[in-house]
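Colleague:
Residue numbers (full-length UniProt numbering): 1 to 102.
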């Protein structure tokens, strides 16, 4: 598959999971895995950390979550399949967002 490495810096609300290192997985017809390392700080221009992309865990945890992904669309995706969670993944999630390039 296609691998795209990214580092994104900017502003977020305090409710984001600062310090989270791990995978965010999506299955279905377009399976994907986002490996993340989220660091936060609260001073001006403070986000100058050195980052490491976490290794992907193949260890199956056993929990399942409904899964789907719908990119470049405002339409609700239909979770037509389940994904098996990996090692430290113990929550199901829904993510909605907009990337706006200026």
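Glycine is no exception: its CB is placed at the ideal position from the N, C-alpha and C atoms.
Predicted model, so just to flag it, every value in this text is computed and none were measured.
1. Who are the near neighbours of residue 52 in its chain, counting only those whose CB is closer than 8 Å to its CB and skipping five residues on each side?
2. Can you give me the start and stop residues for the beta strand (DSSP E) that residue 83 sits inside?
3. Go ahead and pull the three-state DSSP assignment for residue 65.
4. Counting C-beta neighbours from all protein chains within 10 Å, is the total for residue 83 16 or more, i.e. buried, or is it exposed?
5. What's the C-alpha gap between residue 91 and residue 67?
6. Let me check understanding here. Comparing Cα to Cα, which of 41, 85, 71 lies closest to residue 23?
Modeller: Considering the structure as presented:
1. Excluding residues within five positions, the ones whose Cβ falls inside 8 Å are 37.
2. Per DSSP, residue 83 belongs to the beta strand (DSSP E) from 81-86.
3. Residue 65 falls in the strand class under three-state DSSP.
4. Answer is buried; the Cβ neighbour count reaches 16.
5. Residue 91 and residue 67 have their C-alpha atoms some 12 Å from each other.
6. Cα-wise, what sits closest to residue 23 is 85.
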